[in-house]
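Working notes, beginning with the structure itself.
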Amino acid sequence: MSLVPEIDYGTPASQSETMVTLTIDGRQITVPEGTSIMRASMEAGIQVPKLCATDMVDAFGSCRLCLVEIEGRNGTPASCTTPVASGLVVHTQTGRLKDIRRGVMELYISDHPLDCLTCAANGDCELQDMAGAVGLRDVRYGYEGDNHVKARNNGDINLKWMPKDESNPYFTYDPSKCIVCSRCVRACEEVQGTFALTIEGRGFGSRVSPGMHESFIDSECVSCGACVQACPTATLTEKSVISIGQPEHSVVTTCAYCGVGCSFKAEMRGEELVRMVPWKDGQANRGHSCVKGRFAYGYSTHKDRILNPMVREKVTDPWREVSWDEAFAHIATEFKRLQYQYGRDSIGGITSSRCTNEETYLVQKLVRAGFGNNNVDTCARVCHSPTGYGLGQTFGTSAGTQNFDSVEHSDVVVVIGANPTDGHPVFGSRLKKRLRQGAKLIVIDPRRIDLVRTPHVEASYHLPLKPGTNVAMLTALAHVIVTEGLFDETFIRERCDWSEFEDWAAFVAELQHSPEETEKYTGVPADLVRGAARLYAKGGNGAIYYGLGVTEHSQGSTTVMAIANLAMATGNIGRPGVGVNPLRGQNNVQGSCDMGSFPHELTGYRHISDDATREVFEKLWGVKLNNEPGLRITNMLDAAVDGTFKGIYIQGEDILQSDPDTKHVAAGLAAMECVVVHDLFLNETANYAHVFLPGSTFLEKDGTFTNAERRINRVRKVMTPRNGYADWEVTQKMAQAMGLGWNYTHPSEIMDEIAATTPTFALVSYDYLEKMGSVQWPCNEKLPLGSPIMHVDGFVRGKGKFIRTEYVPTDERTGPRFPLLLTTGRILSQYNVGAQTRRTENVVWHAEDRLEIHPHDAEQRGIRDGDWIRLSSRSGDTTLRALITDRVAPGVVYTTFHHPDTQANVITTDYTDWATNCPEYKVTAVQVSPSNGPSQWQVEYDEQARQSRRIAGKMEAAE
């Protein structure tokens, strides 16, 4: 094995379709117009020396190493900034060029430490490589005099020297090794879009500075790693490389955090992971990353990880470690007992959106073929199930319409109920880049997210609506589009049902849906709504991106349909730059839905009641399938409290922390007689478990993830599972213990079965993914290359369906006891319930959940920034510290849910979406008051959790 090679072409590729032919070093080369001479040379296999150039950022032309000679032109132009032209004759190696390059390198080396043998970048240093490439053998200028290398010059303090900055937990900044090539600064600006770095000083005094001469940790740096990746020397170096050494082989795999699905090279020494480097050929991330995917992989070797199966009779007992065989036998015995005693429908399972497609497929297969019922559900129930319903009704398929590249063609972008820079940061960076190029932005969110105003980006409209009024807002936008004649009649007549459009248009045109009327409950001025509607309808290619702020409402499904109505009415479907794009929360939440994790659907979103669909699986599995939909997660918990649901297998989900109304979830779990938790750590749900099966990380398995753009990406095993088995093997062994004759030997065989039973996956196989890199479903004989854009020539359902979207206020209302509205969300450095990221250095940025509260509301309650406060609702109460900010409007408070000691979901209610039972996390009536300690519930919960995590034979850590 070796390192996966990547070619750095020096400058980005040109998108021109016009071709130009020139001659470089005697070779004729044809490249797109606008290509740099440097890139053209590299494409021909001719490497021009460079230091300031890299193909992740635009050409800069400062290092003067890449000079060339062009016949008929004077001087020696920089090849990185000089575009090709027809008929040019270029020379990259002449005696004159050699002398210039050696002279330039002498200057660089004269102000650089000569510690190559002990330097962390030894073997991976472009400065070292270029010194060899230009034939540098001597430095005539010496190493004395002014420099940035030595702390003292002739005994005097050297004011140009700066100590190493080790404040960031993941990388170091050593100014003495900086050659001021500006690659890190440009990567921060052009790739990430944070503008956290700059060049301070002038001339010889120039140096890279985070912010205004701050440390990295105190600056605006978001630790995406783009600067480290761009650095050609050891100036910016991963601490893992410093401690372990240079990697010796790498494997391309897929990140296991958010729904962007970034491709990475896992760079290894033996079975030790040295670093994760974003892969340039990754079609979702295009070589970029965020702090989680790039650096937050340490949880895989964290001391909290459980590596042996454990069993206990009662949840008050300590855990006892057992063999795998004993654990599987215990589960099989208990599940069979429960079904014999309470009936076939008394047990069920929950699939994981963090596990692979193959593993998820096996869990739903186990429930249907092994348990004999359809009591299977997934975390999408509590996040994007309304997406599946709403887009299925309007378009005919339960997924987004575009690939991420599409945003590069957008002219107007609507972001509603999403915070891409925190929740989907790599896509957020791509979006910011498009906005800096001139695209317009409309943000619909109760909170002033970063995108509303960030460096070189400002939203044209921010519509800070009252939580719970999404449907009213979208219908008001539609009112303007219809009544002002801004709809695309040609598109509608060709692609949609015209009579349904007429009915919908008459509905939205009613006066009660005008911006002036809806302002009474959305709180958004009518003129802003009208301006935003006109911009979206007439601003060119209009794309809508939305998140959980849309779906996690009592009218989540209605809101998704309202979004689809807007896109169809304006003709913004079926081409690059437009579309309806749900930003999925977890790495494989799209895949878990695709794999038949819902109780009413088999793979590919085909209803369980369809005889022909069931017959396909019955023949292959050799069992008779139940044609009745099973229980959803919420139904399972209700049935458990009622005494009819007694056992559950939960793979890779922490429903006690992530699901709403924590007290109800705890009551449901406590009422069950056999709760099997399959995870990496003793999570909160495991407090009520009777069996714990240790899971494997994404680094320890083969499989596939499907991201938010329907892209099926390979996950590749880079190390042996520390627990002994990949998760698919655990589920298979459980099935075998229950009498099922499964004998898969590799996940590729599971994917072959998925393809054989699922029309949208018909051509997908591991061999095909190796050939294609990745594909977006549908991928079948009709669409062998996959489907980057959906609904190009027509909707999956035939004609697009317009549906009336009547605004129905939520039953969750504010009043004298609970006068504020709580909404929840995520933060950049943490992920979901925090089980992974809390076990990494990311806690430096978010060590606790805080409650954002407006200064006016805080002052009324005598609350200062950082004070402990009590957050109360009709469901329960908790305590956390206040963060006073005007990001939220008066009357609205906001918090994250990453830390179990806060347990924000003890506050949320049991109200759900009318169509899918997706919980209404985003609207909870609350009161905020000063507090001097944890709530009684927190005290009791903490004690119960502490008791539950005892393991027989293991010493507890001292408090």
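Add 4 to the 1-based position in the sequence shown for my numbering, that's all there is to it. Don't be surprised by glycine CBs; every beta carbon is placed ideally from N, CA and C.
**Request:** Put Ala962 into one of helix, strand or coil per three-state DSSP.
**Result:** Taking the first residue of the sequence shown as position 1, residue 962 is located at position 958. Low local confidence applies: a pLDDT of 39 at Ala962 is under 50, so the model's placement there is unreliable, and no value is given.
**Request:** Check whether the Cβ atoms of Cys678 and Leu342 lie closer than 8 Å to each other.
**Result:** As a first step, residue 678 must be located in the sequence shown, where it is residue number 674. As a first step, residue 342 must be located in the sequence shown, where it is residue number 338. Taking 8 Å as the cut-off, the Cβ atoms of Cys678 and Leu342 count as close.
**Request:** Inspect the beta-carbon positions of His557 and Asn474 and report whether they are closer than 8 Å.
**Result:** For the purposes of this step, residue 557 is taken as residue 553 along the sequence shown, with counting starting at 1. For the purposes of this step, residue 474 is taken as residue 470 along the sequence shown, with counting starting at 1. Yes, they are a contact pair.
**Asked** By how many angstroms is the C-alpha of Ser933 removed from the C-alpha of Gly297?
**Response** Residue mapping note: residue 297 aligns to position 293 of the sequence shown, counting from 1. Residue mapping note: residue 933 aligns to position 929 of the sequence shown, counting from 1. Whole-angstrom Cα-Cα distance: 38 Å.
**Item:** Residue range of the beta strand (DSSP E) that includes Thr241
**Value:** What you label residue 241 is simply residue 237 of the sequence shown in a count that begins at 1. Residues 240-242.
**Request:** Mind listing, in chain order, the continuous beta strand (DSSP E) runs of no fewer than 3 residues lying wholly within the segment 820-884?
**Result:** Every unbroken stretch of the beta strand (DSSP E) spanning 3 or more residues and falling wholly within the segment 820-884 is given here in chain order: 824-829, 854-857, 872-877.
**Message:** Can you list, in chain order, the residues of its chain with a C-beta nearer than 8 Å to that of Gln951? Leave out the 5 residues immediately preceding and following it.
**Reply:** In the sequence shown, the residue the question calls residue 951 occupies position 947. Once the five neighbours on either side are set aside, the close Cβ partners of Gln951 are Thr320.
**Item:** Assigned exposure category for Ala730 - 16 Cβ within 10 Å defines buried
**Value:** Here residue 730 corresponds to residue number 726 of the sequence shown, with the count starting at 1. Buried: at least 16 other Cβ atoms inside 10 Å.
**Message:** Spatial neighbours of Trp918 within its chain, please: C-beta separation below 6 Å, excluding the five flanking residues on both sides.
**Reply:** Taking the first residue of the sequence shown as 1, we reach residue 918 at position 914. Answer for Trp918: no residue qualifies.
**Request:** Can you tell me which of the three DSSP states Cys192 falls into?
**Result:** Position 188 of the sequence shown, counted from the first residue, corresponds to residue 192. Here Cys192 sits in helix by DSSP.
**Message:** Helix, strand or coil, according to DSSP, for Thr270 in the structure here?
**Reply:** Mapped onto the sequence shown, residue 270 falls at position 266. A small correction: the amino acid at residue 270 is Ala; Thr does not occupy that position in the sequence shown. DSSP, read as helix, strand or coil, puts Ala270 in strand.
**Asked** If we call anything under 8 Å between Cβ atoms a contact, is Thr882 one with Ala908?
**Response** As a working mapping, residue 882 is identified with position 878 in the sequence shown. As a working mapping, residue 908 is identified with position 904 in the sequence shown. In contact: Thr882 and Ala908 (Cβ atoms closer than 8 Å).
**Asked** With a cut-off of 8 Å, do at least 3 Cβ pairs link the segment 925-944 to the segment 575-585?
**Response** no
**Prompt:** How about Thr122 and His388: do their beta carbons lie closer than 8 Å?
**Reply:** Looking up residue 122 in the sequence shown gives position 118. Looking up residue 388 in the sequence shown gives position 384. In this structure, His388 does not lie closer than 8 Å to Thr122 by Cβ.
**Asked** When you compare only the Cα positions, how much space is there between Tyr692 and Gly957?
**Response** Taking the first residue of the sequence shown as 1, we reach residue 692 at position 688. Taking the first residue of the sequence shown as 1, we reach residue 957 at position 953. Cα to Cα, Tyr692 sits roughly 20 Å from Gly957.
**8 Å Cβ cutoff met for Val484 and Lys269** = Numbered from 1 along the sequence shown, position 480 holds the residue referred to as residue 484. Numbered from 1 along the sequence shown, position 265 holds the residue referred to as residue 269. No; because the gap between Cβ atoms is not below 8 Å, this pair is not in contact.
**Message:** I want to know whether the segment 643-660 touches the segment 689-706 - three or more CB-CB distances under 8 Å.
**Reply:** yes
**Which of helix, strand or coil DSSP assigns to Gln397** = Position 393 of the sequence shown, counting from 1, holds the residue named residue 397. Gln397: helix per DSSP, three-state reduction.
**Item:** Rounded Cβ spacing between Tyr261 and Tyr835 (contact assumed at less than 8 Å)
**Value:** For the purposes of this step, residue 261 is taken as the residue at position 257 of the sequence shown. For the purposes of this step, residue 835 is taken as the residue at position 831 of the sequence shown. The Cβ separation is near 5 Å, so the contact holds.
**Message:** At the level of alpha carbons, what is the spacing between Phe175 and Glu242?
**Reply:** Numbered from its first residue, the sequence shown carries residue 175 at position 171. Numbered from its first residue, the sequence shown carries residue 242 at position 238. When rounded, the distance between both Cα atoms is 4 Å.
**Request:** With DSSP collapsed to three states, give me the class of Leu92.
**Result:** To locate residue 92, count along the sequence shown from 1; it is residue 88. Correct three-state label for Leu92: coil.
**Message:** Distance check for Ile41 and Val93, CA to CA, integer angstroms please.
**Reply:** Here residue 93 refers to the residue found at position 89 when the sequence shown is read from its first residue. Here residue 41 refers to the residue found at position 37 when the sequence shown is read from its first residue. Straight-line Cα distance between these residues: approximately 11 Å.
**Request:** Out of Cys182, Trp941, Asn126, Val255, point me to the one whose CA is closest to Cys231's CA.
**Result:** Within the sequence shown, residue 231 is the residue found at index 227, counting from 1. Nearest option by C-alpha distance: Cys182.
**Request:** Jot down the residue ranges of each uninterrupted alpha helix (DSSP H) in the segment 426-485, minimum 4 residues, whole runs only, in chain order.
**Result:** 429-440
**Message:** If you measure between the beta carbons of Val416 and Leu240, is that distance less than 8 Å?
**Reply:** As a first step, residue 416 is located in the sequence shown; it is residue number 412 there, counting from the start. As a first step, residue 240 is located in the sequence shown; it is residue number 236 there, counting from the start. Cβ distance not < 8 Å, so Val416 and Leu240 don't count as in contact.
**Message:** Counting C-beta neighbours from all protein chains within 10 Å, is the total for Gly209 16 or more, i.e. buried, or is it exposed?
**Reply:** Numbered from its first residue, the sequence shown carries residue 209 at position 205. Classification for Gly209: exposed.
**Message:** Looking at the strands, I want to know which residues DSSP matches up with Asp169.
**Reply:** For the purposes of this step, residue 169 is identified with residue 165 of the sequence shown, where counting begins at 1. Partner(s): Tyr177.
**Request:** Alpha carbon to alpha carbon, how far is Glu863 from His217? Give it in angstroms, no decimals.
**Result:** What you label residue 217 is simply residue 213 of the sequence shown in a count that begins at 1. What you label residue 863 is simply residue 859 of the sequence shown in a count that begins at 1. In a straight line, the C-alpha of His217 is about 35 Å away from that of Glu863.
**Message:** Just to confirm before moving on: does the CB-CB distance between Leu855 and Leu825 stay below 8 Å?
**Reply:** Looking up residue 855 in the sequence shown gives position 851. Looking up residue 825 in the sequence shown gives position 821. Cβ atoms of Leu855 and Leu825: not closer than 8 Å.
**Request:** State the start and end residues of the unbroken beta strand (DSSP E) segment that holds Gly707.
**Result:** Indexing the sequence shown from 1 puts residue 707 at position 703. Run containing Gly707: 707-710, per the beta strand (DSSP E) assignment.
**Item:** C-beta contact flag for Ala238 and Ala384 at 8 Å
**Value:** Along the sequence shown, one-based indexing puts residue 238 at 234. Along the sequence shown, one-based indexing puts residue 384 at 380. No. Outside cutoff.
**Asked** Tell me, which residues are paired with Arg715 by DSSP?
**Response** As a position in the sequence shown, residue 715 is number 711, starting the count at 1. Answer is Gln780, bridged to Arg715.
**Request:** Can you give me the Cβ contacts of Ala962 inside the same chain, cut-off strictly under 7 Å, excluding the 5 residues immediately before and after it?
**Result:** The sequence position of residue 962 within the sequence shown is 958, counting from 1. At Ala962, the pLDDT of 39 sits below 50, so the modelled position is not reliable; the number obtained from the coordinates is stated separately. Answer for Ala962: no residue qualifies.
**Prompt:** Do you know whose CA, among Gln736, Glu275, Asn151, Tyr550, lies nearest Glu753's CA?
**Reply:** Translated into positions along the sequence shown, residue 753 becomes position 749. The residue with the shortest Cα to Cα distance from Glu753 is Gln736.
**In DSSP terms, what Arg211 is bridged to** = Position 207 of the sequence shown, counted from the start, is the residue given in the question as residue 211. Per DSSP, Glu204.
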